[in-house]
Amino acid sequence: MNFKHKYFFLFPGLFVLIGILIFPIIFVVRLSLSGWNSYNPGLDYIGLENYIRLFTDDPRFWESFFRLSFLSVTTVILQYVIGFALAHMVWKDIKFKRFFRVLFLVPMMTTPVIMTVIWRTFFHESLGPVNDMLSIFGVAPKWLTDPVIAKFTVIIVEVWQWTPFMFLLLLAGLLSLPKEPFLAAAIDGASPVRKFIYVTFPLMAPISIGAIIIRLIEASKIMDTVYVLTSGGPGTSTETSSFYIFIKGLREFQMGYAASMSFTYLIIMIISLTIIAKVLTKLLLKE
Amino acid sequence: MNKLYIFLKYFFIVVWTVFVVAPFLWALTTSFKDFQSVNGGVTYIPWLDFEPNLEGWKVLIKSPARGGVDIIEPYFNSLFVTCTASLISIILGTLSAYALSRYTFKAGFVKNNDITFFFISQRIMPPIVLSIPFFLFLSSINLLDSLTGLIVVYIVLLMPIAVWIMVDFFNKVPREIDETALIDGCNPYQAFLKVVLPNSIPGLIVAGMFCIIFGWIDFFFAFILTFTEVQLLPVKIVALNSSVTPWWSLSASALVSVAPLIIVAFIVERYLSKGNLSGAIK
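Following this line, the structure appears as structure tokens:
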């Protein structure tokens, strides 16, 4: 095909994206080498001071990072298991198939922060329905103010919100599978469990990897839910990296320091997601 | 064995359905409550537990001067920003995706896959990383607190999605159809507009749906980059949460904001059942 035309197709999109992004990224790096804060706004040069502070004197950042890892890995595992189960159930003919498919998709169409506002009233410790029903059993968990339980509340809300996305990706995958392996399994008289282990699951492995990685990328940004549900509290027990950077940068206006944290966070994210992708591919695709 | 499996299956489906529906039902009943029935203990059933009224819904359309919430303007702002950013992302993303699917690019070690990955990898970028420079950048060119500024930012969020879906979709559209068009005397642009695009409508719809979903549900950038002049719907509703919480209008506004995308759920399901999504998502 003609040589020159291809650039006319590619470049508008590519250059708009680079054009919008190039300045912010360079600026974050430059800002991270400055001491910009509310007393002293400006791009002075203080070398690696911010990074030294981050790596030697800020346990709160690393705690928030491990909390983020815990929250995102747990939610994605739960979403994968539940999403796969749901997709498998409405894959073949069941009654009201299309109704359930739409219903299971609905949560991902809702704005997370807005639903979280509703969840906040739902888990309200004295006026919410959850504790009202649990009062039959004489328990009243502190959903939002207990450091341990608050983490699980965040997980519950995240699972509600994003399992549908996993469900969508996996169902689309299931619907695209070839029919022959299932016919062969049926002829061999394989039980449903064996069919799942030896036919469905291996065939779904590539799609599973894709879906898990897409969800991990999105889950690593958990922030909206936390902001509305607990504001990182009680104390710092549900604070994630994004939220901590947000507090330092746009609440306390320590722009320079926040920039060094966000750059570090971005690098860690890219490295760890690459490693996870490699490991998952090795684990699930052993041929 | 089989009976147990079927029982477990329906049991699980019912449990999950209850879990999915519960917050919506709670919001629906709460939206008809007043101060008394929210704060006097937990109530569920209208008329039986509490006397329903429409106050929560009425304040939504009243102006703030008369004690209302006025979500109409934020609603249209959200709609406008989402649709404009989605449209721009789809147009630019589709062109790039077409190029990446049909032509080969090579610049040093950078090949087609690397360019595609560059587009998609923008989703990895945590919003917080971009928020600080965007905040300073937009304030320096006076676009902070404006619709234009938000649209620019949303293009970064949405174009990767458009490219991701459309590259896979174009890979499924047979090359022969553009080659035939070229032989028939079309130039590449005509071939793209008249032959390839009409054959890609399902892909465009799916990509459009995803752009609209991810644009509509964004809160973070709207929260950081706008203040008073321009308000988007999520920010407005979350702001309701901070003061003495009027649960009834909160619930009503939440339901109003969620409603339009329920239609999107139906459309996505339609394309899913037809098998048009399976190629797009891989």
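So the protein sequences, as listed, match chains A and B.
Under this note's numbering, the first residue of the first sequence is numbered 568, with each subsequent residue one higher.
Under this note's numbering, the first residue of the second sequence is numbered 69, with each subsequent residue one higher.
Cβ coordinates follow ideal geometry from the N, Cα and C atoms, glycine included.
One question on the structure: do residue i and residue j come within less than 8 Å of each other, judged by their Cβ atoms?
i	j	result
D117(B)	Y222(B)	no
V220(B)	I587(A)	yes
V127(B)	V795(A)	no
L554(A)	M234(B)	Residue 554(A) is absent from the structure shown; chain A starts at 568 and stops at 854.
T807(A)	R634(A)	yes
V867(A)	W686(A)	Nothing in the structure corresponds to residue 867(A), since chain A is present only between 568 and 854.
E123(B)	W316(B)	yes
I292(B)	L833(A)	no
E337(B)	V669(A)	yes
L351(B)	S321(B)	Look at the range of chain B in this structure, 69 to 350, and you will see that residue 351(B) is not part of it.
L272(B)	A739(A)	no
L737(A)	I774(A)	yes
T730(A)	V326(B)	no
V224(B)	Q258(B)	no
M836(A)	S809(A)	no
P114(B)	L300(B)	no
Q536(A)	M682(A)	What the structure shows of chain A is the stretch from 568 to 854, and residue 536(A) is not part of that stretch, so it cannot be assessed.
L610(A)	S827(A)	no
L840(A)	I776(A)	no
A707(A)	T805(A)	no
C279(B)	S154(B)	yes
L638(A)	I722(A)	yes
L215(B)	F148(B)	yes
L694(A)	N121(B)	no
F295(B)	D213(B)	yes
Exposed or buried, residue i, counting other C-beta atoms within 10 Å across all chains shown (16 or more means buried)?
i	result
T642(A)	buried
K788(A)	buried
R782(A)	buried
L166(B)	Reading the sequence as shown, one finds Tyr at residue 166(B) and not Leu. With 16 or more other Cβ atoms within 10 Å, it is buried.
E297(B)	exposed
V760(A)	exposed
N255(B)	exposed
W710(A)	buried
I700(A)	Here residue 700(A) turns out to be Met, not Ile, going by the sequence shown. By the 10 Å Cβ count, M700(A) comes out exposed.
V264(B)	buried
G869(A)	Residue 869(A) lies beyond the range of chain A shown here (568 to 854); nothing can be said about it.
I251(B)	exposed
V86(B)	exposed
F590(A)	exposed
P696(A)	buried
T688(A)	buried
I349(B)	For I349(B), the pLDDT reaches just 48, beneath the cut-off of 50, and the residue's location in the model is therefore unreliable, leaving the point undetermined.
G580(A)	buried
A175(B)	exposed
I331(B)	exposed
A290(B)	buried
P314(B)	buried
I281(B)	buried
W629(A)	exposed
D624(A)	exposed
L76(B)	exposed
Start and end of the alpha helix (DSSP H) containing residue i?
i	result
F590(A)	H572 to S599
P557(A)	Here chain A comprises residues numbered 568 to 854, so residue 557(A) is not present and cannot be evaluated.
C279(B)	I269 to W284
A757(A)	Element bounds for A757(A): n/a, residue is neither H nor E.
L711(A)	Counting along the chain, L711(A) falls outside any alpha helix (DSSP H), and DSSP gives it neither H nor E.
I842(A)	M822 to L851
P228(B)	L215 to K240
Y855(A)	There is no way to answer for residue 855(A), as the model of chain A reaches only from 568 to 854.
V684(A)	P679 to F689
K342(B)	W315 to K342
D246(B)	R243 to I251
F288(B)	F288 to L293
N698(A)	P696 to L701
Hey, is residue i close to the ligand HEM, as in C-beta under 7 Å from one of its heavy atoms?
i	result
P745(A)	For the structure depicted, the ligand HEM is absent and the ligand set is empty, with no information on it obtainable.
Q: Go through the segment 786–816 of chain A residue by residue and report every complete run of the alpha helix (DSSP H) that reaches 4 residues or more, in order.
A: Listed in chain order, the complete alpha helix (DSSP H) runs (minimum 4 residues) inside the segment 786–816 of chain A are 791–796 and 808–813.
Requested in this report: Note down, one range per segment and in chain order, each alpha helix (DSSP H) of at least 4 residues found wholly within the segment 89–167 of chain B.
Outcome: Segments of the alpha helix (DSSP H) lying fully in the segment 89–167 of chain B: 103–107 and 123–129.
Entirely within the segment 162–209 of chain B and at least 4 residues each: give me those alpha helix (DSSP H) ranges in chain order.
Those alpha helix (DSSP H) runs which fall completely within the segment 162–209 of chain B and span 4+ residues are 180–189 and 195–208.
Worksheet entry | Given 8 Å, three or more beta-carbon pairs between the segment 766–778 of chain A and the segment 742–751 of chain A | Yes, since at least three Cβ pairs between the segment 766–778 of chain A and the segment 742–751 of chain A fall closer than 8 Å, the two stretches touch.
ask   = Hey, is the segment 814–828 of chain A in contact with the segment 588–604 of chain A, meaning 3+ C-beta pairs nearer than 8 Å?
value = Three or more Cβ pairs closer than 8 Å define a contact, and the segment 814–828 of chain A meets that threshold against the segment 588–604 of chain A.
Using 8 Å as the threshold, is the segment 231–250 of chain B in touch with the segment 151–170 of chain B, meaning 3 or more CB pairs across them?
They touch, by the three-pair rule.
Validate contact between the segment 89–103 of chain B and the segment 72–81 of chain B using beta carbons, cut 8 Å, 3 pairs
Contact fails: fewer than three Cβ-Cβ distances are below 8 Å.
Checklist line | Contact list for the segment 796–818 of chain A against chain D, Cβ threshold 7 Å | finding: Among the protein chains of the structure shown, namely A and B, there is no chain D.
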